[in-house]
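Asker:
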Amino acid sequence: MVEIKGPISGYLYPHKAILVELENLEKLSATLLTRNDALKEFEEKINFMKLFFIAHEDGEEAALYPAAERLRKGLSKPFEWDRHISEQYFQAISAAIAECKTSKNLPAAALKIAQTTAALRAFLEPHEVKEDEILLPLLDAELPPPEQGKVIGAAMSKFPPSSVEDVEKFLIKRLSQPERVGFLKIIKQGAPAETFKAITGWVKEVVSPAEWKELTAQMPDLK
Ligand SMILES: [Fe+2]
Ligand SMILES: [Fe+2]
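In structure tokens:
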């Protein structure tokens, strides 16, 4: 992996969380074949993932892809195109969930959810990895740090304010301890002090006491 040093490296963390959640969703969907009681949990998780993904892509379309397009003409199109295919998978999963709720043939409906979720993961994972390996290194190499910060700020504005707490908790839960530190350092650099303070409160809520102790030892300004 190419090392990305500037503020645009903030994108690596939501991408990592997306990959972790796609794996979680695929595993959970496979349990539906034997556990009908997991359907509600799966539905809540896939619905959150869909909302998160749409805001994430809205932000990329507003800022990340246009910045890459200005540097390399034609580069953004394939990434924009991927979005439509991903949304079709999300729709197919929602349809399979509805079928699972009403179908008399539950094993067949559950199998459809599991297969479509595996297909979503197989498609969306390389999309995020290509962004990490192609778009972010280009922007890091060719955009000065303040411009990178503007791209991140414009992308973040696509998340509805009411979703920010849930989104930050979702991300933090899915990152490793070193990734949490890296992510929080980027937030501290770019976010207003009160936003950073609110986020530190949410971090404390979702990590274990031992993890919190370790994080505050490495980043004393979290306290
Ligand atoms: Fe994307
Ligand atoms: Fe992305």
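Numbering-wise, the working numbering puts 1616 at position 159 of the sequence shown, and it's gapless, one number per residue.
C-beta atoms are modelled at their ideal positions from N, C-alpha and C, and glycine is treated no differently.
1) Report the CB separation of Q1605 from L1595 in whole angstroms; it is logged as a contact under 8 angstroms.
2) Quick one: give me the first and last residue of the alpha helix (DSSP H) that L1508 is part of.
3) Considering only the alpha carbon of each residue, which of Q1634, R1492, K1645, F1640 lies closest to P1666?
4) Between T1559, I1609, A1650, I1591, which lies nearest to F1536 when the distance is taken from Cα to Cα?
5) Would you grab the beta carbon distance between E1636 and Y1470 for me? Rounded to a whole angstrom, and I think it's under 8 angstroms.
6) What does a CB cutoff of less than 8 angstroms around E1588 pick up in its chain, not counting 5 residues either side in sequence?
7) Hey, which residues come within less than 6 angstroms of ligand 2, measuring from Cβ to any heavy atom, in chain order?
8) Is F1616 near ligand 1, judged by its Cβ being under 7 angstroms from some heavy atom?
9) Under DSSP, the alpha helix (DSSP H) around I1550 begins and ends at which residues?
10) Determine whether the beta carbon atoms of L1490 and L1568 lie at a separation below 8 angstroms.
11) Return yes when the C-beta of F1547 is under 7 angstroms from any heavy atom of ligand 1, and no when it is not.
12) Any heavy atom of ligand 1 within a distance shorter than 7 angstroms of the CB on F1505?
13) For S1486, report the span of its alpha helix (DSSP H) as first-last.
14) If you drop the 5 nearest sequence neighbours on each side, which residues of the same chain put their C-beta closer than 6 angstroms to that of N1481?
15) Check whether the segment 1615 to 1627 and the segment 1502 to 1509 are in contact - that is, three or more C-beta pairs closer than 8 angstroms.
16) Can you give me the start and stop residues for the alpha helix (DSSP H) that I1570 sits inside?
17) Could you say which of K1630, P1564, F1616, A1549 lies nearest to A1575 if we only look at CA atoms?
18) Taking the alpha-carbon positions, what's the V1660 to Q1572 distance?
19) Can you give me the Cβ contacts of A1525 inside the same chain, cut-off strictly under 7 angstroms, excluding the 5 residues immediately before and after it?
20) So within the segment 1583 to 1658, which uninterrupted alpha helix (DSSP H) runs reach at least 4 residues, ignoring any that extend past its ends?
Answerer: From the atom records:
1) Q1605 to L1595, Cβ: 11 angstroms. No contact.
2) For L1508, the enclosing alpha helix (DSSP H) begins and ends at 1496 to 1516.
3) Taking only the C-alpha atoms, the option nearest P1666 is Q1634.
4) From the listed residues T1559, I1609, A1650, I1591, the smallest Cα separation to F1536 is found for I1591.
5) Approximately 6 angstroms separates the beta-carbon atoms of E1636 and Y1470; this is inside 8 angstroms, confirming the contact.
6) If we look at E1588 and ignore the five residues flanking it on each side, its Cβ neighbours are Y1468, H1472, E1517, L1521, F1536.
7) With the cut-off at 6 angstroms, the residues found are H1472, H1513, E1517, E1585, E1588.
8) False, no ligand heavy atom lies under 7 angstroms from that Cβ.
9) For I1550, the enclosing alpha helix (DSSP H) stretches over residues 1534 to 1559.
10) Against a cut-off of 8 angstroms, the Cβ pair of L1568 and L1490 comes out as a contact.
11) Flag unset: Cβ of F1547 not near ligand 1.
12) No, ligand 1 has no heavy atom inside 7 angstroms of this Cβ.
13) Where S1486 is concerned, the enclosing alpha helix (DSSP H) stretches over 1469 to 1488.
14) Close CB contacts of N1481 within its chain, under the 6 angstroms cut and outside five residues either way in sequence, are absent.
15) In the pairwise beta carbon analysis, the segment 1615 to 1627 is classified as touching the segment 1502 to 1509: at least three pairs are separated by under 8 angstroms.
16) Where I1570 is concerned, the enclosing alpha helix (DSSP H) stretches over 1563 to 1587.
17) Nearest C-alpha to A1575: A1549.
18) V1660 and Q1572 have their C-alpha atoms some 34 angstroms from each other.
19) Scanning its chain for C-beta atoms nearer than 7 angstroms, with the 5 sequence neighbours on each side dropped, one finds around A1525 the residues L1532, S1533, L1592, L1595, L1596, in chain order.
20) For the segment 1583 to 1658, whole alpha helix (DSSP H) runs of length 4 or above, ordered along the chain, are 1593 to 1599, 1602 to 1613, 1621 to 1631, 1634 to 1647.
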